[in-house]
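Chains as they are written, first to last, in our numbering: chain A, 1 to 147; chain B, 1 to 120.
Even glycine gets a Cβ: it sits at the ideal position worked out from N, Cα and C.
The structure presented is a predicted model; accordingly, all values stated were derived computationally and were not measured.
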Amino acid sequence: MMRIVLGSEPRLLNILRAVVKFHAQEAGISKTDAEHVALAVDEAAANVIRHTYCGRHDRLIALEVRRLPDRLEFLLEDWGPKVREELIRPRPLEELRPGGLGTFFIYSLMDECSYDPDFEEGNRLKLVKFLSRKGACANDGSSAKSG
Amino acid sequence: MMVQVRNLDKISILDCSGDVDLYSSPRLREALLAEIKADGPGVLVNMSGVAYIDSSGIATLVEGLQLSRQTKTHFGLYGLRPNARSVLELARLHKVFTIFENEAEALEKIGSIQPFGGVK
C-alpha cells in the first residue's frame with residue numbers, strides 16, 4: 001500500500017499518472033492497460049480539480065494504491081463538497097462535442113468505480129482494476145465523477 | 001507540452017510534444033484555434049511527439065475540428081503514437097478525425113479532406 005497527497009494543481013497530474021502506471025505494471029498489467037488505468041485515475045483527479053474544487057489549485061488530493069491478490073485498488077480522496085452520484089453519467093459518444101469524455105474513460109477502463117458512503121469529509125472514489133480479467137465498470141454505471 | 005507552429009505550402013502545422021492534459025491542453029487550444037481562424041487553407045496537428053493525451057486534449061481537438069468545419073479549413077492529424085491512437089479509438093473518434101500516417105501523406109492529401117472528415 002502506498003499513499004501520496006498532492007496539491008490540486010493540474011501540473012502535478014503527471015506525478016499521479018506515473019505512480020499509477022508504475023504500480024499497474026508492477027502488478028503485471030500490460031503497458032497498454034497500465035496506461036489506460038493511469039488515464040482513468042488521471043481523469044478522476046482532473047474532475048476533482050475542475051468540478052469538486054471548481055478549479056482551485058490550493059486544495060489537496062490524496063491517492064492510495066492497494067495491491068490485493070486479485071486486484072489493484074486506487075482510492076482517490078478529496079475534501080470538497082459531496083459529489084451527487086445520481087447526477088453523474090457518461091455522455092453518449094454519438095454526440096460530437098468537446099468535453100464529457102472523462103467519465104466515459106473512467107467507466108470504460110476500470111472494472112469497478114464507486115464512492116465510499118462512509119467517507120465523512122469530502123469524497124473517496126474507489127477505482128478497481130482486476131488483475132485476471134478485463135472489462136467495463138462492473139457496477140450499474142451509477143458512480144464516477146463527471147467530466 | 002510544447003506547441004510550435006510552422007508553415008509549409010501555406011498549410012499550418014502544429015508540432016506538439018509531451019503530455020496533453022488538463023494542465024497543457026489550454027496552450028494547444030490557443031494555438032490550434034488561432035491557426036484555424038487565420039484563414040489559411042489547412043491546419044495539421046503533428047502528434048508524433050505526444051506521449052499522452054487525456055479527455056481535455058481530445059476535447060481541444062474536437063473543438064478544432066468543429067471550428068474548421070465552420071471556417072471551411074481543411075483539418076487533420078498525423079503521426080499518432082499507439083497510446084494517443086488508442087484513446088481516440090476508445091472515444092470512437094478515430095473515424096471522425098482525418099488521420100494521416102505521416103507529414104508527407106498529410107501534405108499530399110490535406111486538400112482532399114471532406115468537410116465532415118475523411119479523404120476523397
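- Between residue 69(A) and residue 57(A), the alpha-carbon positions lie close to 36 Å from each other.
- Look at the beta carbons and you see the region 22-39 of chain B not touching the region 101-114 of chain B: under three pairs across the two are nearer than 8 Å.
- Close to residue 7(A), with beta-carbon spacing below 9 Å, lies no residue of chain B; the smallest spacing is near 12 Å.
- With respect to chain B, the C-beta atom of residue 14(A) has a partner C-beta closer than 8 Å.
- For residue 108(A), the enclosing alpha helix (DSSP H) stretches over residues 101-109.
- Separation of residue 61(A) and residue 10(B) (C-alpha to C-alpha, rounded to the nearest whole angstrom) is 46 Å.
- Under the 8 Å criterion on CB atoms, residue 63(B) is classed as interfacial with respect to chain A.
- Contact note: residue 108(A) reaches chain B through 90, using a C-beta cutoff of 8 Å and chain order.
- If the five residues before and after residue 91(A) are omitted, its C-beta is found closer than 6 Å to the C-beta atoms of 100, all from its own chain and listed in chain order.
- Linking residue 78(B) to residue 120(A) through their CA atoms gives a straight-line distance of about 47 Å.
- Counted as a single uninterrupted DSSP element, the stretch harbouring residue 20(B) is not any alpha helix (DSSP H) but the beta strand (DSSP E) occupying residues 11-20.
- As the crow flies, the alpha-carbon of residue 10(A) is around 12 Å from that of residue 59(A).
- A Cβ-Cβ distance of about 7 Å is found for the pair residue 97(B) and residue 61(B), placing them in contact under the 8 Å criterion.
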